[in-house]
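Numbering (the numbering used here) for the sequence shown: 452 to 892. Even glycine gets a Cβ: it sits at the ideal position worked out from N, Cα and C.
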Amino acid sequence: MSWQQTVSIVVFVVTMAAIITGKVNKAVATVFAAAILIDIGVVNVHTAFDAIDKEVLFLMVSMMLLVGILSKTGFFQWIALSLIKFSSGEPVRIMILIALGTAALSAFLDNVTTVLLISPVVLMTCEGLGVPAIPFLIVEVFAANVGGTATLIGDPPNMIIGSAAKLSFNDFIANTAPVVIIILLVGLVAIRFLFKRKFHVPREKRAAIKSIEPKSAIVAPLALEKSLIVFALVIVGFLIHDKLHITPAVVALTGASLLIIICRNVKFEEVVNEIDWATIFFLVGLFMVVSGMEHAGVMHGAAKVLFRLSGGKPLGAMMSILWFSGAIVGVLTSASVAAMVPIVKELVAFVASHSGIPQALLWKPFFWSLSLGACLGGNSTIFGTTATIVMIGFIERTLNIKISFVKFMKYGVPTVLVSLAISSIYIILRYAIPLANYSPH
452 MSWQQTVSIV VFVVTMAAII TGKVNKAVAT VFAAAILIDI GVVNVHTAFD
502 AIDKEVLFLM VSMMLLVGIL SKTGFFQWIA LSLIKFSSGE PVRIMILIAL
552 GTAALSAFLD NVTTVLLISP VVLMTCEGLG VPAIPFLIVE VFAANVGGTA
602 TLIGDPPNMI IGSAAKLSFN DFIANTAPVV IIILLVGLVA IRFLFKRKFH
652 VPREKRAAIK SIEPKSAIVA PLALEKSLIV FALVIVGFLI HDKLHITPAV
702 VALTGASLLI IICRNVKFEE VVNEIDWATI FFLVGLFMVV SGMEHAGVMH
752 GAAKVLFRLS GGKPLGAMMS ILWFSGAIVG VLTSASVAAM VPIVKELVAF
802 VASHSGIPQA LLWKPFFWSL SLGACLGGNS TIFGTTATIV MIGFIERTLN
852 IKISFVKFMK YGVPTVLVSL AISSIYIILR YAIPLANYSP H
């Protein structure tokens, strides 16, 4: 192992350890790590800067701007209150509706924003019913992370994968959304089974739910109307962007700019504050750190290890990618999927040369395996996703209850194991079997 490989691995591990322990701000940690690798010559500044995926960053910033404006209208609170009223005060029904609503929102918003918007409403509802809020909040964040897996824009890992692998919005809908629906259905059955007799709500509490008026949550009707029109146009743009020969980031940036112009009562300075700049700069630094590791040959070595584990077979490779990424994101956070992208690219080349199957046929199935592993695996620990970190902070701040790493894993690890098991079956049936039957003639 060369000194460049050793240094880049040490810098990466120390950086992630500092982030996990909370000793250093995540953005500061990755940017500082990138600066170290550039300063000591592991990677030059031009290569590091070229590695920053501007497509991902513009897409994330644009979606945050869109959601920031939409959130100021009260739209998301209206959705939540409507779901709660529809449940008639039945706790398990409320939990199921919260899971469904959160998953649906997370597919078209980022899961952090969804958690921030829905959590206060969930807490208010639980207090009104006199039931413990923590089970509802944990189900909510699990649903947010699962729902975000369904689309290109639902979860940061998918944005990174979509940009790196040139996968469209429609590609994600057609390939990850079906298995997400299956996982959600299994989850809803589990909720019904596990919590059926856990909660008791007095009749007078249920009566209070009936008095809720969801429309009262709408604070800016005109801005809401404009926002929904623009948001709908953006979604349509995502669906047809490949036919228009433009990228999802351009679609989102156009929509965000248009909405800022037509919503004159919304101050740009206030909306900009809604952007999660810490996550943006975290990714900037992470892209450069990963570039240093790739330049040093670390990713090539990691791909060789996975290749040996896979036996050179497409099925073995897809299972290795799925379960390896699902395991590491619980410790290194889901945004670290950026480190997996070059490994998967190398693995595609290795398996293609060994199996005789063209790289073009392996490319998408391998990246769907990465998407499912990186997004679903994040539910295992409190550090797995930014949405989970935000939720844990919300619980500690509002309920003054500290959820330990181990306690969360008791809920998270079984959830991830079931999710990845379902994903494994899906990958085998949809991708591995057709590839096994491949014939060049």
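With contacts defined by Cβ atoms closer than 8 Å, Leu675 and Thr466 do not form a contacting pair.
Taking a cut-off of 8 Å on C-beta distances, the region 878–885 does not touch the region 609–622, as fewer than three cross pairs fall below it. The continuous alpha helix (DSSP H) containing Phe682 extends over residues Pro672 to Leu695.
Met515 sits in a helix when the DSSP states are folded into three classes. For Lys861, the uninterrupted alpha helix (DSSP H) run begins and ends at Phe856 to Ile878, by DSSP.
With contacts defined by Cβ atoms closer than 8 Å, Phe758 and Val795 do not form a contacting pair. Selection Ile520, Leu560, Ala469 and Phe593 evaluated against Ile549 yields Phe593 as nearest (Cα-Cα). The shortest CA-to-CA distance from Lys764 to any of Ala803, Arg654, Ile846 and Gly598 is the one to Ala803. According to the DSSP assignment, Pro629 belongs to the alpha helix (DSSP H) that extends over Ala628 to Phe646.
Annotation: the region 775–814 contains the following complete segments of the alpha helix (DSSP H) (minimum length 4 residues), in chain order: 788–806. No Cβ-Cβ contact shorter than 8 Å links Phe537 with Leu568. Each residue's CA atom was taken as its position, placing Ala800 and Ser771 some 15 Å apart.
If you draw a 10 Å sphere on the C-beta of Glu578, you find fewer than 16 other C-beta atoms in it, and that means exposed.
For Gly777, same chain residues with a beta-carbon under 6 Å away, outside a window of 5 residues either side, are Gly824, Gly828 and Leu871 in chain order. The region 595–603 makes contact with the region 829–843, as at least three CB pairs between them are under 8 Å. By the neighbour-count definition (other C-beta atoms within 10 Å, threshold 16), Met452 is an exposed residue. The DSSP assignment places complete alpha helix (DSSP H) segments of no fewer than 4 residues inside the region 538–598 at 542–559 and 562–580, in order along the chain.
A residue is called buried once 16 or more other Cβ atoms fall within 10 Å of its Cβ, and Ala658, having fewer, is exposed. Contact check for Ala478 and Phe732: beta-carbon distance about 4 Å, within the 8 Å limit, so the pair qualifies. Comparing alpha carbon positions, the residue from Leu636, Pro608 and Val637 closest to Phe623 is Pro608.
Between Ile585 and Ile852, the beta carbon gap of about 7 Å places them in contact (Cβ cut-off 8 Å).
Per the coordinates, the alpha-carbon of Gly767 lies some 13 Å from the alpha-carbon of His805.
By the Cβ neighbour-count rule, Asn626 is buried, with 16 or more other Cβ atoms within 10 Å of its own.
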